[in-house]
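**Student:**
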Amino acid sequence: MARLTLDKVTKVFDDDGERIVAVDDVSVEIGDGEFLVLVGPSGCGKSTTLRMIAGLEDISDGEIRLGETVLNDIPATDRDIAMVFQSYALYPHMSVKENMAFGLEEATDMPDDEISRRVEETAELLGIGDLINRQPSELSGGQQQRVALGRAIVREPEVFLMDEPLANLDAKLRAEMRTELQQIQNNLGTTTVYVTHDQVEAMTMSDRIAILDEGVLQQCGTPLECYHQPNNLFVAGFIGEPSMNFFDIERHGSILVADDFEYPLSDTTVSKLGNTTDLTLGIRPEDVVLKSSVESDTDYHAIVDVVEPKGDENVVHLVFEGNDPENGTFKAVIDGMKSVTAGQRIVVGFPEDAIHVFEASSGKALR
Ligand code: ATP
47 MARLTLDKVT
57 KVFDDDGERI
67 VAVDDVSVEI
77 GDGEFLVLVG
87 PSGCGKSTTL
97 RMIAGLEDIS
107 DGEIRLGETV
117 LNDIPATDRD
127 IAMVFQSYAL
137 YPHMSVKENM
147 AFGLEEATDM
157 PDDEISRRVE
167 ETAELLGIGD
177 LINRQPSELS
187 GGQQQRVALG
197 RAIVREPEVF
207 LMDEPLANLD
217 AKLRAEMRTE
227 LQQIQNNLGT
237 TTVYVTHDQV
247 EAMTMSDRIA
257 ILDEGVLQQC
267 GTPLECYHQP
277 NNLFVAGFIG
287 EPSMNFFDIE
297 RHGSILVADD
307 FEYPLSDTTV
317 SKLGNTTDLT
327 LGIRPEDVVL
337 KSSVESDTDY
347 HAIVDVVEPK
357 GDENVVHLVF
367 EGNDPENGTF
377 KAVIDGMKSV
387 TAGQRIVVGF
397 PEDAIHVFEA
407 SSGKALR
């Protein structure tokens, strides 16, 4: 069973006497065949986590297990895990075929004809079957990336670890490879941990996302769970593009009072807030509704500041009427067919079923 478990895993670096907690008490279980994406901003501990799983970094505290086997003290070369790096790390003097075969030749006593068979099959699977005699310098970036992937696949490991493997590709190729990689992983059914700082990549590729910030696991769930029910302000702001709009709130009973608007709450929502009064209200730009007139207490007049056309939709930067854009704008995503122009006065609605409310001090989601 290639179930991978991180149990209270911590990594502390000593940087000239300074204690750096790169990974802080992270627990997550990655199911057999699951595709888990580790995501978070630069420096949040993604690569360190991956390197501990690979055995390239010691674990300061906690346990990593593959099935029932504790990996902590097993050297990297003896773990049935293959890693794909952003840099590809191909040997420049070896052909594609030799690059792909190298790991198997080194680590196993597999017969040459079996190695050749696996390499050729994998090269076909990756669409580089006709390139196997070329040197890496004779390949495009995308082709080199496939060789790096092929080198991991031929080993038929229990686990794939991938550290931003698509980061060096252009946007179009990256989008293509995302789908292809997902299909390959699906067909092979190999447990995979994939690191990226790109939340779009995380949302589109993964079975589940684990979101890290400053070494601490913020949430682990399906992309839709993290999008619709973020645990806290960090996840709410990190997942979703454009990001969620946030407003500082003072609560007066059942009314949320922001600088520019008031938001009356239903009894159901009020009951979820307890006695907390320091709040942040969040609404996703795609949940802001463009209306023809003010129809309820949660519809507001706003002035269009900037329109970013994106083809099928427009991202509209708005300011509450009477306010200055310098003091902050908020965003709405509207249908690309609806025409709005800078300076226009419009009405927007914040439907109650779409709002998120957080405790401001802790960031914790209250609904
Ligand atoms: P990026 O997306 O920029 O690659 P990351 O999320 O992968 O970032 P890590 O590389 O895991 O982040 O680093 C996490 C933290 O640990 C950072 O603060 C980093 O500076 C620190 N760190 C990483 N390696 C070492 C090391 N060998 N010695 C000291 N500190 C380190």
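The numbers in our numbering rise by one with no breaks, and the one at position 174 of the sequence shown is 220.
For each residue, glycine too, the CB sits at the ideal point set by N, CA and C.
Let me know the secondary structure DSSP gives Val165 once reduced to three states.
**Tutor:** Of the three classes helix, strand and coil, the one that applies to Val165 here is helix, per DSSP.
**Student:** In chain order, what residues have a CB nearer than 6 Å to some heavy atom of the ligand ATP?
**Tutor:** That gives Phe59, Asp61, Ile66, Ala68, Gly86, Ser88, Gly89, Cys90, Gly91, Lys92, Ser93, Thr94, His243.
**Student:** Less than 8 Å between the beta carbons of Ala100 and Ile127, yes or no?
**Tutor:** It is a contact, given that the beta carbons lie within the stated cut-off.
**Student:** Rounded to whole angstroms, what is the Cα-Cα separation between Asp421 and Pro288?
**Tutor:** Residue 421 is absent from the model: the chain starts at 47 and stops at 413.
**Student:** Can you list, in chain order, the residues of its chain whose CB lies under 7 Å from that of Thr242, leaving out five sequence neighbours each side?
**Tutor:** Excluding positions up to five away in sequence, the list reads Val83, Val85, Glu210, Ala248.
**Student:** Suppose only complete runs of 3+ residues qualify. What are the beta strand (DSSP E) ranges in the segment 85-150, listed by chain order?
**Tutor:** Counting only runs of 3 or more, we get 107-112, 127-130.
**Student:** Just curious, the alpha helix (DSSP H) that Asn291 is in, first and last residue?
**Tutor:** Asn291 -> not in any alpha helix (DSSP H); beta strand (DSSP E) instead, spanning 291-298.
**Student:** Less than 8 Å between the C-beta atoms of Val361 and Val379, yes or no?
**Tutor:** Closer than 8 Å, so yes.
**Student:** Hey, would you say Leu50 sits closer than 8 Å to Thr237, going by beta carbons?
**Tutor:** Yes, they are a contact pair.
**Student:** According to DSSP, is Ile178 helix, strand or coil?
**Tutor:** Coil, per DSSP.
**Student:** Specify, as a first and last residue, the run of the alpha helix (DSSP H) that Thr225 falls within.
**Tutor:** 217-234 is the extent of the alpha helix (DSSP H) around Thr225.
**Student:** Which same chain residues, not among the five before or five after Ile392, have their C-beta less than 7 Å away from its C-beta?
**Tutor:** Counting only Cβ-Cβ distances below 7 Å, and skipping sequence neighbours, we find Leu336, Ala348, Val350, Val386.
**Student:** Is it buried or exposed for Phe59, if we count other Cβ within 10 angstroms and need 16 for buried?
**Tutor:** It counts as exposed.
**Student:** Where does the unbroken beta strand (DSSP E) through Thr51 begin, and where does it stop?
**Tutor:** 50-61 is the span of the beta strand (DSSP E), which, as asked, contains Thr51.
**Student:** Compute the beta-carbon to beta-carbon distance between Val406 and Asp294, rounded to the nearest angstrom, for a pair I have assumed lies under 8 Å.
**Tutor:** Looking at the sequence provided, one finds Ala at residue 406 rather than Val. Contact flag correct, Cβ pair sits at about 7 Å.
**Student:** Within this structure, are the beta carbons of Phe131 and Met140 separated by less than 8 Å?
**Tutor:** Not a contact, by the Cβ cut-off of 8 Å.
**Student:** Is the CB-CB distance between Ile285 and Leu234 below 8 Å?
**Tutor:** Cβ distance not < 8 Å, so Ile285 and Leu234 don't count as in contact.
**Student:** To the nearest angstrom, how far is the alpha carbon of Ala11 from that of Asp333?
**Tutor:** Because residue 11 is not part of the residues shown, which for the chain are 47 to 413, the question remains open.
**Student:** Excluding five sequence neighbours on each side, which residues of the same chain lie with their C-beta closer than 7 Å to the C-beta of Thr375?
**Tutor:** These residues qualify, in order along the chain: Asp351, His363, Leu364, Val365.
**Student:** Beta-carbon separation of Arg297 and Thr323 under 8 Å?
**Tutor:** Closer than 8 Å, so yes.
**Student:** From which residue to which residue does the beta strand (DSSP E) around Lys337 run?
**Tutor:** Unbroken beta strand (DSSP E) run through Lys337: 335-337.
**Student:** At 4 residues or longer, and completely inside the segment 239-314: list those alpha helix (DSSP H) runs for me, N to C.
**Tutor:** Here the runs fully enclosed are 245-251, 269-274, 279-284.
**Student:** Work out the CA separation of Ala169 and Ile178 for me, nearest whole Å.
**Tutor:** Cα to Cα, the separation comes out at about 7 Å.
**Student:** Near Asp306, what residues of its chain come up, given a Cβ to Cβ distance below 7 Å and the 5 sequence neighbours on each side ignored?
**Tutor:** Only Phe366, Asn369 meet the Cβ criterion.
**Student:** If I measure Cβ to Cβ from Val55 and keep anything under 8 Å in the same chain, skipping five residues before and after, which residues do I get?
**Tutor:** Result list for Val55: Val69, Asp71, Val72, Ser73, Thr95, Met98, Ile105, Asp107, Gly108, Glu109, Ile110, in chain order.
**Student:** Is Ile432 helix, strand or coil when you go by DSSP?
**Tutor:** Missing from the structure shown is residue 432; the chain here goes from 47 to 413 and no further.
**Student:** Buried or exposed for Ser338, please, with buried defined as at least 16 other CB atoms from any protein chain shown within 10 angstroms of its CB.
**Tutor:** Exposed, by the Cβ-count rule.
**Student:** Following the continuous beta strand (DSSP E) through Val69, name the residue where it begins and the one where it ends.
**Tutor:** Here the beta strand (DSSP E) through Val69 covers 64-76.
**Student:** Need the endpoints of the beta strand (DSSP E) that Phe396 sits in, please.
**Tutor:** Neither: Phe396 is in no beta strand (DSSP E) and is coded neither H nor E.
**Student:** Suppose you measure from the CA of Ala388 to the CA of Tyr273; what does that come to, to the nearest Å?
**Tutor:** Distance between the alpha carbons of Ala388 and Tyr273 is about 30 Å.
**Student:** Which value, in whole angstroms, describes the spacing of the CA atoms of Ile161 and Glu202?
**Tutor:** In a straight line, the C-alpha of Ile161 is about 12 Å away from that of Glu202.
**Student:** Quick check on the DSSP output: the beta strand (DSSP E) that includes Pro355 runs from which residue to which?
**Tutor:** Run containing Pro355: 345-355, per the beta strand (DSSP E) assignment.
**Student:** Sort Leu302, Glu372, Asp381, Leu219 by Cα distance to His402 and report the nearest one.
**Tutor:** The candidate whose alpha carbon is nearest that of His402 is Leu302.
**Student:** Taking only the alpha-carbon atoms, compute the straight-line gap between Gly91 and Ile257 and give it to the nearest angstrom.
**Tutor:** Near 10 Å, if we compare the C-alpha coordinates of Ile257 and Gly91.
**Student:** Alpha carbon to alpha carbon, what distance is there between Tyr240 and Glu174?
**Tutor:** Checking the displayed sequence, the identity of residue 174 turns out to be Ile instead of Glu. Near 23 Å, if we compare the C-alpha coordinates of Tyr240 and Ile174.
**Student:** I need the boundaries of the beta strand (DSSP E) containing Glu80, first residue and last residue.
**Tutor:** No beta strand (DSSP E) holds Glu80; DSSP gives it neither H nor E.
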